[in-house]
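Heads up, the sequence shown stops at 625 in my numbering, and the numbers go up one at a time, no gaps.
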Amino acid sequence: MTADATDTAADAAAPPAAPLAPAPCSGVLEARDVVKDLGQGPGRVRALKGVSLTLNAGELTLLMGPSGSGKTTLLSILGCILTPTEGTLSIAQQPTAGLLPEELAKLRRRYVGFIFQSYNLFPTLTAEENVRVALDVRGERGSEATVRAQRALQQVGLRHKLKSYPANLSGGEQQRVAVARALVGAPAVMLADEPTAALDSENGLAVMQLLSEIARDKSRAVLAVTHDPRTVPFANRVLRIEDGLIVGEERRAEGVETIHELARTRKRKANA
Ligand code: ADP
Ligand code: MG
């Protein structure tokens, strides 16, 4: 992992110190007319051309679109890693316009949890220590932090792997540690960039199942970038992005029932 990736992993995963107050309303994140230019000189690209969206608490939204359509750029803006060239963003009803970089980082640590395709775990730390990093960077240490890290790992089904190092965990287990790290500080918004892309189908679906359960918390919105059409049944909503613009939105009212149905079907198949 490069120094940059490590910083981003620790920083982006960094959650709030105490359990958050519930989001003030269902729209925990609002982006309006966001434009983003990337690169310099003749290589400059308009990666986002005017994107507006609201993320609601209690919902899992998928963001789907071809490679190069602006998905990662959009996630970076929503997670306060990049600032918009034009347009506005507010998280938990706090506008980000005019904030200094350190104020933006504070907002990110308090309200946003990130999950990456490549897990971004520290190889020399155990699962428990990797999750604790997210509390550490906020100055939360000691036995209470340990208990919270253990609870987060329990929530993702890894209570028995607390002391395991990433090299001794499967890809699916490593991604679940990353989910626990993003979850441990109870973020209002969880952003996942192709979280299943490096996983086989079984583990990929298990991670999506986990994200859909996390999104059922009424104080949290989850947005996941994915290419995989099999993840659609887990979502409440699917946004489609092409060439820097949102070109479609589909609501799936039956999302939660579908998840249960899918789990039952998979169980039946496993038992067959
Ligand atoms: P996606 O995640 O959907 O594959 P990205 O958000 O990574 O797409 O990229 C959107 C567009 O911006 C692409 O055309 C990409 O080549 C371009 N781009 C990404 N990063 C940079 C950069 N640092 N400088 C110039 N162009 C960039
Ligand atoms: Mg991308």
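Note that beta-carbon positions come from the ideal geometry of N, C-alpha and C, so glycine has one too.
Just mark glycine 466 as buried or exposed, buried being the case when its beta carbon has 16 or more other beta carbons within 10 Å. buried
Look at the alpha carbon of threonine 499 and the alpha carbon of alanine 574, and state the distance between them as a whole number of angstroms. 25 Å
Report yes if the C-beta distance between glycine 423 and arginine 461 is below 8 Å; otherwise report no. no
Alpha carbon to alpha carbon, how far is glycine 451 from aspartate 596? Give it in angstroms, no decimals. 27 Å
Determine the direct distance from the alpha carbon of arginine 590 to that of isoleucine 434, and round the result to whole angstroms. 24 Å
Is lysine 402 near the ligand ADP, judged by its Cβ being under 7 Å from some heavy atom? no
So, for glycine 557: in the same chain, excluding its five sequence neighbours on each side, which residues have a beta-carbon less than 6 Å away from its beta-carbon? Thr549
How should aspartate 553 be labelled, buried or exposed, when 16 other C-beta atoms within 10 angstroms of its C-beta is the threshold for buried? exposed
Heavy atom of the ligand ADP less than 7 Å from the Cβ of valine 398, yes or no? yes
May I ask you to list the residues that DSSP assigns as paired with lysine 447? Note on residue identity: the sequence assigns glutamine, not lysine, to residue 447. DSSP lists Ile444 as partners of glutamine 447.
Give the secondary structure of methionine 354 by DSSP, where H, G and I count as helix, E and B as strand, and everything else as coil. With a pLDDT of only 41 at methionine 354, under the threshold of 50, the placement of this residue in the model should not be trusted, and no figure is reported.
I need the straight-line Cα distance from aspartate 546 to tyrosine 518, nearest angstrom please. 23 Å
Near serine 429, which residues of its chain fall below 6 Å by C-beta distance, leaving aside the five closest residues on each side in sequence? Leu435
Check whether the stretch 521–534 touches the stretch 484–496, counting contact only when three or more Cβ pairs, one atom from each stretch, lie closer than 8 Å. yes
Would threonine 584 be called buried (16 or more neighbouring beta carbons within 10 Å of its own) or exposed? buried
For alanine 559, which residues of its own chain have a beta-carbon under 7 Å away from its beta-carbon, when the five flanking residues on both sides are left out? Gly525
With DSSP collapsed to three states, give me the class of proline 377. Any reading at proline 377 is ruled out, since the residue's pLDDT is 39, under 50, leaving its predicted position unreliable.
How long is the line joining the alpha carbons of isoleucine 567 and proline 395, rounded to whole angstroms? 43 Å
Less than 7 Å between the CB of lysine 702 and some heavy atom of the ligand MG, yes or no? One cannot answer for residue 702 here, as it falls past the ends of the chain, which runs 354 to 625.
By Cβ distance, which residues of its chain are closer than 8 Å to lysine 516, with the 5 residues on each side in sequence left out? Thr479, Ala480 and Glu481
Can you find the residues in the same chain that come closer than 7 Å, C-beta to C-beta, to asparagine 483, ignoring five residues on each side of it along the sequence? Leu474, Phe475, Val530 and Arg534
Given a cut-off of 8 Å, decide if leucine 592 and leucine 382 are closer than it, judged by their beta-carbon atoms. no
Considering only heavy atoms of the ligand ADP, does any lie closer than 7 Å to the CB of threonine 426? yes
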